[in-house]
Structure formats: structure tokens, C-alpha cells
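So the structure is just underneath, and the comments pick up after that.
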Amino acid sequence: MTEAGSDHIELQACQVLAKRLPEPRDLFVGVRGFLTTLPVNPLQFHRHSDRHLNMGAPFLHHRFVFVACLREPGSIVMEGNVFHIESGQGLLIFPYQSHYYARLEHPERISWLFTTFEFEAPEKLELLRNTPFSLNVQDLRRLRQVTESYLESRQDGEGMTHDMPLELALFLSGVLRRQGHQRNILTGKTNPDGLQVQFFRPLFAYINQHLDGSLQMGDLAKCVHLSPSRLRARFKHTLGIGLGEFIRHTRIHRACGLLSSTDLNVTQVSEKCGFNSVYAFSRTFRSIVGIPPTAFRSKLDGKLE
Numbered sequence: 000m001t002e003a004g005s006d007h008i009e010l011q012a013c014q015v016l017a018k019r020l021p022e023p024r025d026l027f028v029g030v031r032g033f034l035t036t037l038p039v040n041p042l043q044f045h046r047h048s049d050r051h052l053n054m055g056a057p058f059l060h061h062r063f064v065f066v067a068c069l070r071e072p073g074s075i076v077m078e079g080n081v082f083h084i085e086s087g088q089g090l091l092i093f094p095y096q097s098h099y100y101a102r103l104e105h106p107e108r109i110s111w112l113f114t115t116f117e118f119e120a121p122e123k124l125e126l127l128r129n130t131p132f133s134l135n136v137q138d139l140r141r142l143r144q145v146t147e148s149y150l151e152s153r154q155d156g157e158g159m160t161h162d163m164p165l166e167l168a169l170f171l172s173g174v175l176r177r178q179g180h181q182r183n184i185l186t187g188k189t190n191p192d193g194l195q196v197q198f199f200r201p202l203f204a205y206i207n208q209h210l211d212g213s214l215q216m217g218d219l220a221k222c223v224h225l226s227p228s229r230l231r232a233r234f235k236h237t238l239g240i241g242l243g244e245f246i247r248h249t250r251i252h253r254a255c256g257l258l259s260s261t262d263l264n265v266t267q268v269s270e271k272c273g274f275n276s277v278y279a280f281s282r283t284f285r286s287i288v289g290i291p292p293t294a295f296r297s298k299l300d301g302k303l304e
């Protein structure tokens with residue numbers, strides 16, 4: 000078919016749809032969209048092994064991360080919850096949301112697509128918080144458009160204007176609209192053939208509920224009915240990180256969230272994160288984040304480059 004013939008068919012299709020349009024009740028009131036601003040500075044990358052996923056500590060940063068499982072299921076631990084995503088499912092991780100990728104049963108088989116971005120109105124995406132969701136055909140088509148647009152931008156080089164932010168906004172809007180009709184389409188479920196990350200759900204919940212105090216190994220072990228030594232060994236085997244190190248990182252990630260979203264001073268933040276002294280808090284914070292907590296907050300306020 001010639002290009003002119005295709006244009007004619009599209010014009011006819013537009014005409015058919017146009018005839019179905021009702022007369023507006025108000026010529027100055029239109030349709031409200033889910034997103035009124037576009038994602039900023041989006042980028043994509045692909046993971047086909049767990050090399051960059053199991054880094055020995057939970058992840059923490061200021062960007063949104065959308066994880067699309069294209070092949071091979073896996074589990075993500077976020078703030079005391081365990082979410083399992085299968086092929087054709089996705090999960091949106093919010094800024095400063097402490098997350099950890101559990102060991103994969105078959106890491107050499109995975110195909111996970113990551114889309115990260117910044118967004119000036121995070122409250123608009125709240126429907127997607129802690130909610131794994133299935134990707135339907137339309138979602139997958141739009142996600143493919145996002146990737147195609149990103150690849151085009153990489154070919155053209157930096158400094159060029161591209162449609163990827165718009166394509167990503169369309170993708171997110173479609174998912175948000177569906178979530179608005181049916182909240183919590185899925186609950187994080189566990190793969191019975193996986194590494195039993197779900198076994199530690201009570202432990203993750205206990206840690207997050209008592210992060211402002213001293214966590215005793217005996218109490219932690221009781222959460223999952225194991226001896227302290229057995230708990231340490233099983234946790235290390237399943238998560239790939241020691242329990243003590245996991246708790247230490249989780250405390251600091253909580254601190255980053257408080258520093259970025261509240262007006263609490265450093266002393267108050269340290270107390271809410273279970274540290275006995277500001278000195279111990281600052282030292283641990285700097286060892287993990289790379290800068291002191293005061294500098295971290297100043298950087299968030301735009302006072303540091």
C-alpha cells in the first residue's frame with residue numbers, strides 16, 4: 000500500500016471517530032490527566048545477570064526505579080515487605096525507598112529492564128507504591144516505545160531533545176489509570192520454587208517496626224523460630240548479606256528518608272534510627288553514603304554541588 004493510501008485510511012478512521020464525539024457541555028473544561036508533569040532525566044538499562052543486583056548492601060538513591068521483569072522471576076525486599084515479580088510484571092521503587100534484590104535462583108536467565116527517572120510530583124505516583132502489577136499488551140507496547148525512544152536519543156548524542164520523557168509519561172499514565180480502577184492488582188507473592196525469601200517477612204517487618212531501638216539477636220531469631228546462629232547462616236545464604244550489615248544499612252536508609260522529607264535535626268534523626276549517639280550515627284552515615292548527614296541535607300537543599 001502506498002503512503003498516500005495509508006494516509007487516506009487514517010483520515011477515514013479519524014472521521015469515523017470524530018462523528019462519535021458529543022457536543023461539549025463546557026467549551027473550556029476538558030479531560031484531566033493522571034500526570035501533569037513529565038518525568039525528568041530518564042534513562043534505561045538492562046540486566047541479564049545478577050552481577051549488578053547483588054552488591055552486598057541495600058540500594059538507596061533519589062530516583063524512581065521502574066523494574067520490568069521480562070524473563071525469570073525474582074524477589075525485591077522493600078521496607079519490611081517482600082515483593083515477587085514474574086515475567087510480564089513490574090514494580091516501581093520510590094526515591095529513598097530502601098530496596099534489596101534477593102538472590103535469584105537462575106541469575107544467568109534473567110532479563111530485567113530498568114527505567115529510572117526523577118519526578119517533581121511524586122504524590123501523583125502514589126497508587127503504584129509497593130504494588131507489583133501485571134503489564135498488559137498496551138503497557139508492553141508503550142514500554143517498547145520508551146525503549147525505542149531512548150535508543151534513538153543515545154544514537155543522536157547528548158544535548159538533543161527527545162520524546163522519551165513523553166513516552167514514559169504515557170506508559171505511567173496507562174498503568175495509573177488501571178490502578179485507579181483496581182487498587183492493588185497483585186500482592187507481593189512468593190515463588191514456591193525460589194529461595195524462600197518470604198520466610199523472612201516477619202523478620203523484615205520486625206526490623207522496620209523497631210528500627211528506632213536496639214535490635215537484640217534473640218528477639219530477631221524468635222520472629223522466624225530459629226536459633227541466632229541458624230538465623231545468621233540462613234539469612235546470609237538467602238539474601239547474600241549478613242544480618243547485622245543489613246540492619247546497619249536499613250538504619251541509614253531510614254535516616255536518609257527522614258533527612259530528605261522532615262525537618263528533624265540530625266540528633267533527632269539519629270535517635271529515630273536507633274543510634275546511641277550522634278557521633279556513631281554520623282560515622283556510620285558517612286561510611287555508607289559517603290558524606291556526613293549535614294552535608295547530605297545541604298545537598299538536597301541545593302546548597303552543595
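Quick note: the sequence shown, position 86, residue 85 per numbering that gives the first Met the number 0, numbers continuous. Note that beta-carbon positions come from the ideal geometry of N, C-alpha and C, so glycine has one too.
Could you spell out where the alpha helix (DSSP H) holding Gly-217 opens and where it closes? Going by DSSP, Gly-217 is part of the alpha helix (DSSP H) stretching over 216 to 222.
Cutting at 7 Å between CB atoms, please list the residues of its own chain near His-379, excluding the five before and the five after it. With the chain covering 0 to 304 only, the question about residue 379 has no answer from this structure.
According to DSSP, which residues form a beta bridge with Gly-89? Beta-bridge pairing links Gly-89 to Ala-67 and Phe-132.
Measure the alpha-carbon distance for Pro-41 versus Asp-262 and round it to whole angstroms. Cα to Cα, the separation comes out at about 29 Å.
Expressed to the nearest angstrom, what Euclidean distance is found between the alpha-carbon atoms of Thr-237 and Ile-206? Each residue's alpha carbon lies about 17 Å from the other.
Per-residue burial, Gly-256 [other beta carbons within 10 Å of its own, 16 or more giving buried]: The residue is buried, with at least 16 neighbouring Cβ atoms inside 10 Å.
Alpha helix (DSSP H) runs contained entirely in the segment 221 to 297, provided each spans 4 or more residues: Listed in chain order, the complete alpha helix (DSSP H) runs (minimum 4 residues) inside the segment 221 to 297 are 227 to 238, 242 to 260, 265 to 271 and 277 to 288.
When the Cα atoms are used, what is the spatial distance from Tyr-278 to Arg-247? Between the alpha carbons of Tyr-278 and Arg-247 lies a distance of about 15 Å.
Can you tell me whether DSSP reads Val-39 as helix, strand or coil? Val-39 falls in the strand class under three-state DSSP.
Report back the beta-carbon spacing between Arg-253 and Cys-272 to the nearest angstrom; my notes put them in contact at under 8 Å. About 5 Å separates the Cβ atoms of Arg-253 and Cys-272, confirming a contact at the 8 Å cut-off.
Once you ignore the five residues that flank Arg-200 on each side, which residues in its own chain have a CB closer than 6 Å to its CB? Cβ-Cβ distances below 6 Å link Arg-200 to Val-81 in the same chain, with the five nearest sequence neighbours on each side left out; the list follows chain order.
Measure the C-alpha to C-alpha separation of His-60 and Ala-12 and round it to an integer number of angstroms. Rounded to whole angstroms, the gap between the alpha carbons of His-60 and Ala-12 is 46 Å.
Ser-163 versus Val-76: straight-line alpha-carbon distance, rounded: Note on residue identity: the sequence assigns Met, not Ser, to residue 163. Between Met-163 and Val-76, the alpha-carbon positions lie close to 29 Å from each other.
For Arg-70, count neighbouring Cβ atoms within 10 angstroms of its own Cβ and tell me buried if that reaches 16, exposed if not. Answer is exposed; the Cβ neighbour count stays below 16.
Option nearest Ile-287 by Cα separation, candidates Ile-251, Val-268 and Ser-297: Ranking the options by Cα distance to Ile-287, first place goes to Ile-251.
By the DSSP assignment, the alpha helix (DSSP H) with Leu-202 in it spans what residues? Per DSSP, Leu-202 belongs to the alpha helix (DSSP H) from 200 to 208.
Hey, how far is the Cα of Asn-190 from the Cα of Phe-198? Residue placement at Asn-190 is poorly supported in this model, since its pLDDT is 40, which falls under 50; the coordinates are not used for a value here.
Taking 7 Å as the cut-off, decide whether the C-beta atoms of Leu-242 and Arg-231 are in contact. It is a contact, given that the beta carbons lie within the stated cut-off.
By DSSP, does Gly-173 sit in helix, in strand, or in coil? In the structure shown, Gly-173 falls within a helical segment according to DSSP collapsed to helix, strand and coil.
Would you grab the beta carbon distance between Val-145 and Leu-167 for me? Rounded to a whole angstrom, and I think it's under 8 Å. With 8 Å as the limit, Val-145 and Leu-167 qualify as a contact, their Cβ atoms being about 5 Å apart.
Can you tell me whether Val-15 is helix, strand or coil according to DSSP? Here Val-15 sits in helix by DSSP.
Please classify His-83: is it buried, with 16 or more other beta-carbons within 10 angstroms of its beta-carbon, or exposed? Counting every other CB atom within 10 Å of its CB across the protein chains shown gives His-83 a total of 16 or more, marking it as buried.
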